[in-house]
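**Student:** Numbering (this note's numbering), first residue to last: 1 to 315.
All C-beta atoms, glycine included, are put in the ideal place defined by N, C-alpha and C.
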Amino acid sequence: MKYQIYFDEANKIDQPDKVYSYYGAYGGSEQVMKDIVSSVRGIFDRLGTKSELHFREYNHDKHVEKYFKVLHHIINEEINLNLLVVNNMEAKSIAQQLDLTIMELRSLFYIKIPERLFYGITRELTDQLNIEIRIDHNDEYDALGLHHKIKEQMNAHSVYRNKRYKITSVESELSHESIPLQIIDTFMGIVVFLMEQSYMGQSDAVRIKSDLIYRFLSQGNNVERFQSQIKLYTWNGKENLSELSIGNYMSRFMIHQTQYDVVEMNRLQAIRLRNPKLTSKDYGTLMEYPNSRFRTMMGYLDELEGRGRNTFLLQ
């Protein structure tokens, strides 16, 4: 049996404006991954889109149907996603104590962090497995010989712990050619957005991302699936990792977004009562929404008319 793991990161330890850096590993059986890729490509084909999924670049809700349908499909598949949060200040402090440069520290982290994430995903595997690891292409990884080191150390760990898996390959892939890498990028982006409370911002881009996340989490039992499928850990300079409750971050977001939406829907309803015969485009203009938020407003209209926020996304 084959199993596949994909690795990606967000932020860097040495980025001056970043308090945390994030690392993620996403795994599933080869068949599950094949089915996911086939399903996502099917969604892309039906919607006539070829652009890659990239959460940071999600700044226009004309793409909401694509992102929503992919996220909703993936979270209901049998996958595992482990995320590790590193306190950059703590990491830099340890580097200073050991007289390490930031680049030397990053070199060490790029070996150890993927290992810890992969161990977390493979820990519960009991069948004899051949594991393929795929990493987003990065010249730093190549310079560090990361692929060989991970394969060597993971196989050593399997033998030492009497695990029944073998790492058969560790290779780089280009994210625009890899749907699994795009998936982990998007889920990591959402988690970072929630943890850093980016939804408190006032920009249109923030509002558009918040609308997508709210739609996704409020659909079916996606909140429960999100909590069960995604494990969140933090490293604060200690040997053992601490598990964080992702539910706390989701709850804060859902409360904030619900309050914001109620205010906006009340505002829209007041406009409709004064102007009952206007077009949707006219309502958007009176709400002072740019075209990039048109579908957000349409979701509000659907709710006000009792159809549900995601009605047009589920057709």
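Tell me the DSSP secondary structure of ARG293 in three-state form.
**Tutor:** Position 293 of the sequence shown, counted from the start, is the residue given in the question as residue 293. Helix.
**Student:** Within its chain, find whatever has a CB closer than 8 Å to the CB of ARG355; leave out the 5 residues flanking it on each side and keep chain order.
**Tutor:** For the chain, the structure presents residues 1 to 315; residue 355 sits outside this window and is missing.
**Student:** With VAL19 and ASN88 assumed to form a contact (beta carbons below 8 Å), what rounded beta-carbon distance in angstroms separates them?
**Tutor:** Numbered from 1 along the sequence shown, position 19 holds the residue referred to as residue 19. Numbered from 1 along the sequence shown, position 88 holds the residue referred to as residue 88. The pair is a contact, with the Cβ atoms about 6 Å apart (cut-off 8 Å).
**Student:** Check whether the Cβ atoms of ARG83 and LEU232 lie closer than 8 Å to each other.
**Tutor:** Here residue 83 refers to the residue found at position 83 of the sequence shown. Here residue 232 refers to the residue found at position 232 of the sequence shown. A small fix is needed here, since residue 83 is Leu in this sequence, not Arg. Yes, the Cβ-Cβ distance between LEU83 and LEU232 is below 8 Å.
**Student:** Let me confirm a value: THR186 is counted as buried when at least 16 other C-beta atoms fall within 10 Å, else exposed. Which label applies?
**Tutor:** In the sequence shown, the residue the question calls residue 186 occupies position 186. Buried.
**Student:** Assuming TYR141 contacts SER172 (C-beta within less than 8 Å), just tell me the rounded distance between them.
**Tutor:** Sequence index remark: in the sequence shown, residue 141 carries index 141 (1-based). Sequence index remark: in the sequence shown, residue 172 carries index 172 (1-based). About 7 Å; that satisfies the 8 Å criterion.
**Student:** What did DSSP end up calling GLY120 once you bin it into helix, strand or coil?
**Tutor:** Within the sequence shown, the letter at position 120 stands for residue 120. Of the three classes helix, strand and coil, the one that applies to GLY120 here is helix, per DSSP.
**Student:** Could you check the C-alpha separation between LYS66 and ALA205 for me, to the nearest Å?
**Tutor:** As a first step, residue 66 is located in the sequence shown; it is residue number 66 there, counting from the start. As a first step, residue 205 is located in the sequence shown; it is residue number 205 there, counting from the start. For LYS66 and ALA205, the distance between alpha carbons rounds to 17 Å.
**Student:** Output the distance between the C-alpha atoms of ALA143 and VAL223, rounded to the nearest integer angstrom.
**Tutor:** Walking along the sequence shown from the start, residue 143 turns up at place 143. Walking along the sequence shown from the start, residue 223 turns up at place 223. Spanning the two alpha carbons is a distance of roughly 40 Å.
**Student:** Kindly identify the DSSP beta-bridge partner or partners of ARG46.
**Tutor:** The residue you call residue 46 lines up with position 46 of the sequence shown. Per DSSP, none; premise fails for ARG46.
**Student:** Check whether the segment 57 to 64 touches the segment 290 to 304, counting contact only when three or more Cβ pairs, one atom from each stretch, lie closer than 8 Å.
**Tutor:** Output reads yes: the segment 290 to 304 touches the segment 57 to 64.
**Student:** Can you give me the Cβ contacts of LEU217 inside the same chain, cut-off strictly under 7 Å, excluding the 5 residues immediately before and after it?
**Tutor:** Counting from 1 along the sequence shown, the entry for residue 217 is found at position 217. Same-chain partners within the cutoff: VAL223, PHE226, MET250, MET254.
**Student:** Taking the CB atoms as reference points, tell me whether ILE135 and VAL170 lie closer together than 8 Å.
**Tutor:** By 1-based counting over the sequence shown, the position of residue 135 is 135. By 1-based counting over the sequence shown, the position of residue 170 is 170. Cβ distance < 8 Å, so ILE135 and VAL170 count as in contact.
**Student:** Looking at chain D, is there any beta carbon in it that lies within less than 8 Å of the beta carbon of MET265?
**Tutor:** Any reference to chain D falls outside this structure, which holds one protein chain only.
**Student:** When DSSP labels each residue in this structure, what does ASN248 get in the three-state scheme?
**Tutor:** Locating residue 248 in the sequence shown gives position 248, counting from the first residue. The answer is helix: DSSP assigns ASN248 an H, G or I state.
**Student:** What's the call for GLU239, buried or exposed, on a 16-neighbour Cβ count within 10 Å?
**Tutor:** One-based indexing of the sequence shown puts residue 239 at position 239. Exposed, since its Cβ has fewer than 16 Cβ neighbours within 10 Å.
**Student:** If you measure between the beta carbons of ALA25 and ILE111, is that distance less than 8 Å?
**Tutor:** Taking the first residue of the sequence shown as position 1, residue 25 is located at position 25. Taking the first residue of the sequence shown as position 1, residue 111 is located at position 111. No, they are not a contact pair.
**Student:** Could you check if ALA156 is buried or exposed, using at least 16 other CB atoms within 10 Å of its CB as the buried criterion?
**Tutor:** By 1-based counting over the sequence shown, the position of residue 156 is 156. Answer is exposed; the Cβ neighbour count stays below 16.
**Student:** Indicate the three-state DSSP secondary structure (helix, strand or coil) for VAL170 in the structure shown.
**Tutor:** Translated into the one-based positions of the sequence shown, residue 170 becomes position 170. If DSSP states are grouped into helix, strand and coil, VAL170 belongs with the strands.
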